[in-house]
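Reviewing the structure listed below.
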DNA sequence: CATATAAGTCAACATGGTTGACCTAAAGCC
DNA sequence: GGCTTTAGGTCAACCATGTTGACTTATATG
C-alpha cells in the first residue's frame, strides 16, 4: 500500500518523510489517549492517574523516586494523583524493609482491575495495528521507536536481556520487564 | 539488534509486545515534546502554540474549523492561543473571498522562522532514528503508525496520491501534502 | 555526628483543556 | 425575501495537571 515509487530520489522525499513522521506521531498519540481518557473521566480521574497506575502496575514495587524519573514530573505533581490513588484504594504503599525511607508502590486488586480496563482499548489498538502491519513491520516500528527514545536508560527497558549481560541474573524481577536499575547519570 | 530468538512462541510474546508498544509510545512522545517545550517556554508559549503553528504551516490557508478538527479541541481553547499568535504576528488571517465567513490562516515570515526553529529538534530526532533504523524499518514504522490512527480521514493525509485518484488533479495544493478535504462523517 | 537521600506537605501560580451562553456575518435553500 | 445553517468569535467559570519555592520528618551513610 505504502510503496515508494521506483526512480524517485530519496533525498527529495526526506524532508516530507520527516514531517510525516512528526505528524503521524501527533495523530496516533491523540487517538491513543482518547479512549482511556473517557474511562478515566467517568470516575473523575485524568491522564495523570492513568500514567501512575500504568507504571506502578508495570514495575510493581517501584519507589516514588523511580516513578518520578519515569514520568519526569515534580514530586508535588505526582503527590496529588498518587495521594488520591492510595486514598481510593487503587495503590498501596509499603515500607521497604531493606531501606525504610522508601515506599514501594503496587496495585491493589481494584487497581489491577482498573489498569486492565484502561489498557484494554490501547492493547486493542496495538493489537490491530500490529496484526495488520505484520511481524516485519512491527520490528521496524520498534527499531524506529527505540531510536526516538533519548535516554539509554529508557531504551534498556525494551531490550531483551541477553545471556551474560553483566547484571548477574535476570529472573528475579517478578512482574516487570526488568531494567529498573539505578542510574544517576545522563542528562 | 532486536531479533526474535528462534524457537520462541510468538503467542507467548504477544502480550509483552503490546505492553512494550504502549510504553515505548509514552517515552518517545515524552522525549519528542521536550526540546520544543523549552524553546516555547522562553517566549512564554506552550505546547498548544506549537501545535497551531505547526498545522498552520503544514496546511497553509487552513480554516479555523479544519484546524479544530485536527486538534480536536474546542473553539474557545483554540481561540486563546490563536489570538495570541495573530496578535504577536506569527499568524495572519485573511478572509476567503470565495466564502467570506472563513478566515484562512497562514504563517507570517516570523511564524515560519519560529516553526522551523521548533521543528528542528524534532526533525533531528526523526532523522537520526530513521537513519539508524534503515529504510525498511521506516516503512514498517509508517505502517504501524498508520494503523494506530483511527480515522480514515487522518490516515489519508499520509497516502501518496496515486495517479487517477478521483479528486481531479493533485498539483494545486501549494504547501501541504494535500488531503484537507471536507468529510463530515465518521465518529 | 554530620550530611545526604526518600518522601511528604503547603502555597501560589500557569497552561490548556472543558461547558454553557450568546453574538455577528455570510451562505444556502425554499 | 426570509428562515436556517455555518464560520467565527467572545465572556465567564471551572478543572486537571504541570510548575517553583520553602520546609519537615525519617532514615541511611560516611
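Residue numbers (our numbering), protein chains in the order written: chain L, 1 to 187; chain G, 1001 to 1187.
C-beta atoms are modelled at their ideal positions from N, C-alpha and C, and glycine is treated no differently.
Beyond the five residues adjoining it in sequence on each side, residue 1146 of chain G comes within less than 7 Å, by CB distance, of 1155, 1158 in the same chain, given in chain order. Residue nearest to residue 24 of chain L within the set G:1037, G:1107, G:1108, G:1058 is G:1058 (criterion: CA-CA distance).
Within the stretch 98-122 of chain L, contact with chain G at the beta-carbon level (separation under 8 Å) is assigned to 119, 122. Assigned with DSSP and collapsed to three states, residue 1060 of chain G falls in coil, not helix or strand.
With contacts defined by Cβ atoms closer than 8 Å, residue 1140 of chain G and residue 21 of chain L do not form a contacting pair. Note that the C-beta distance between residue 53 of chain L and residue 104 of chain L is not below 8 Å. In the structure shown, the three-state DSSP call for residue 1089 of chain G is coil. Scanning chain L for C-beta atoms nearer than 8 Å to the C-beta of residue 1059 of chain G yields nothing, as the closest lies near 10 Å away. Assignment of residue 112 of chain L by DSSP, reduced to helix, strand and coil, places it in the helix class. Sequence-distant Cβ neighbours of residue 134 of chain L in its own chain, meaning closer than 6 Å and more than five residues away, do not exist here.
Taking every protein chain shown into account, the CB of residue 119 of chain L has 16 or more other CB atoms within 10 angstroms, so this residue is buried.
With a contact defined as Cβ atoms closer than 8 Å, residue 1130 of chain G and residue 144 of chain L qualify at about 7 Å.
Beta bridge pairing from DSSP links residue 1099 of chain G with G:1096. Here residue 47 of chain L is near residue 33 of chain L, since their CB atoms are less than 8 Å apart.
For residue 1072 of chain G, the chain L residues whose Cβ falls inside 7 Å of its Cβ are 30, in order along the chain. Leaving aside the five residues that flank residue 89 of chain L on each side, the residues in its chain whose CB is nearer than 7 Å to its CB run, in chain order, 108, 110. Around the beta carbon of residue 36 of chain L, 16 or more other beta carbons sit within 10 angstroms, so the residue counts as buried. Ranked by Cα distance from residue 122 of chain L, the options G:1124, G:1148, G:1128 are led by G:1148. Under the Cβ distance rule, residue 1140 of chain G counts among the residues neighbouring chain L, one pair being separated by less than 8 Å. For the 8 Å CB-CB criterion, residue 1076 of chain G and residue 30 of chain L do not form a contact. Using a CB distance cut-off of 8 Å, residue 43 of chain L does not count as an interface residue toward chain G.
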